[in-house]
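Take 2 as the starting number for the sequence shown in our numbering and just add one per residue.
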Amino acid sequence: MKSAQPEASDARVYCQYSRLVQLQGQVGSFSFLPQLKAGTILSGRHQSLFRGRGLNFEELRHYQTGDDIRNLDWKVTMRTGKPHVRAYTEEKDRNVILCIDQRSSLFFSSVEVMKSVVAAEVAALSAWRVLKDSDRVGFVIARPHGVDWYKPQRSRAHLLHRLNCLAEANQSLGVASKDNESASFEQLMSVITRVATKGSTVIVLSDWHGAKASDVDRLQQLQAHNDVLTVLISDQLEEALPSRSNWVMGDGTHQLNISESAKLKKANHGLKQHQELKRVQLVRLMAAKGLPLIQLDTSGNHLEQFKRGMGAHR
């Protein structure tokens, strides 16, 4: 399959389709299935707090030596006078939905790699892991002009197509990109809550720009019947501006000049406060299920950071 665009651009600024495909070779050290080692960040009373695939009822049959007595159907046993058990089979697959933010606020970095590239590469890594586990993977991609939804599939061909769409979305970003109303974080949450069927695993990769308390509440409601993992992607410049005599910042429409130390101090306080509030809200959301908030930065180590957050073994 051909890539979305020619791949001569800087890989730190735009993700490459070939790179997204190559990431399938790095999925061996972590998993979304409940097989994680005790002591990892996801461990609790069970091996993993992710649900796994679950069980489907198959049949009601006579008790046989070796059957788990916890599966005894006492009503049928009492009625017939003979012990009966309920037999189950494991579901063949489950749905994992990757929600990848590729809006204009992600096209930023003051260090090494654009936040949009971080989100795309971690999404690709996760998608290959899901496919390796024989589960279905779907994509929700937030772009400056709206939100695209791709239904979960368990197919390498479909995944390659989705990764090509993701690369295209990433490579369409630029300094002139500007989000319209249909690309709000609220709209992203609306799509996620609409498409996530019961028992799904939902992974949100975003800088959470524009997220409101009501958006976090919607995810909390989604947690009642699904697993929700939030990933916060941030850049060091979003928490504090380096000390210098003069700062001029703009968003393509407005421009702000910060030339005094008192103004710089006030700006840094506001930045730090905003970022901390966002982090606290997400930590609280994850705490409801004992799951971590995975934090990634733009230093270029995002894949290792994500693997560690998922309890990767060495």
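Built from N, CA and C at the ideal position, the CB exists for glycine as well.
In this chain, the beta strand (DSSP E) harbouring arginine 137 covers 137-144.
Shortest Cα-Cα distance from threonine 78 to any of Gly67, Asn302 and Leu61 involves Leu61. Here DSSP, grouped into helix, strand and coil, assigns glycine 211 to coil.
When Cβ pairs closer than 8 Å are counted between the two stretches, the stretch 171-186 is seen to touch the stretch 140-152, the count reaching three or more.
For isoleucine 70, DSSP assigns no beta-bridge partner whatsoever. Excluding sequence positions up to five before and after valine 217, its CB lies within less than 6 Å of the CB of Gln282 and Leu286, all in the same chain and listed in chain order. In chain order, Val28, Phe31, Ser32 and Phe33 place their CB closer than 8 Å to the CB of arginine 130, counting only its own chain and leaving out the 5 sequence neighbours on each side.
The C-beta distance from valine 22 to leucine 126 rounds to 11 Å, too long to fall under 8 Å, and the pair is not in contact. DSSP lists Val97 and Asp228 as the bridge partner or partners of threonine 202. For glycine 175, no alpha helix (DSSP H) encloses it, and the DSSP letter there is neither H nor E. The C-beta distance from isoleucine 101 to alanine 124 rounds to 5 Å, short enough to fall under 8 Å.
In the displayed model, arginine 87 falls within a strand according to three-state DSSP. For glutamine 25, same chain residues with a beta-carbon under 7 Å away, outside a window of 5 residues either side, are Trp129 in chain order. Taking C-alpha positions only, lysine 76 is separated from glutamine 224 by approximately 33 Å. Put simply, the backbone Cα of glycine 82 is about 18 Å away from that of arginine 71. For tyrosine 64, no beta strand (DSSP E) encloses it, and the DSSP letter there is neither H nor E. According to the DSSP assignment, leucine 126 belongs to the alpha helix (DSSP H) that extends over 116-133. Between glutamate 122 and arginine 280, the beta carbon gap of about 22 Å keeps them out of contact (Cβ cut-off 8 Å). Per the Cβ contact rule, the stretch 288-305 is in contact with the stretch 230-241 (3 or more Cβ pairs under 8 Å). Asparagine 171 sits away from serine 207, with the two beta carbons spaced by 8 Å or more. A residue is called buried when at least 16 other Cβ atoms come within 10 angstroms of its Cβ; glutamate 187 does not meet this threshold and is exposed. Burial is judged here by how many other beta carbons sit within 10 angstroms of a residue's own beta carbon; valine 176 has fewer than 16 and is exposed. For leucine 297, the beta-bridge partners assigned by DSSP are Ile234.
The Cβ atoms of arginine 95 and arginine 157 lie no closer than 8 Å to each other. If the five residues before and after lysine 133 are omitted, its C-beta is found closer than 6 Å to the C-beta atoms of Val28, all from its own chain and listed in chain order. Phenylalanine 307 and asparagine 165 have their C-alpha atoms some 22 Å from each other. For histidine 63, the number of other beta carbons within 10 angstroms of its own is below 16, and it is reported as exposed. In the three-state scheme derived from DSSP, where H, G and I count as helix and E and B as strand, valine 281 is classed as helix.
Apart from sequence neighbours up to five positions away, the residues of its chain that approach valine 229 with a beta-carbon distance below 6 Å are Val203, Leu220 and Leu223, ordered along the chain.
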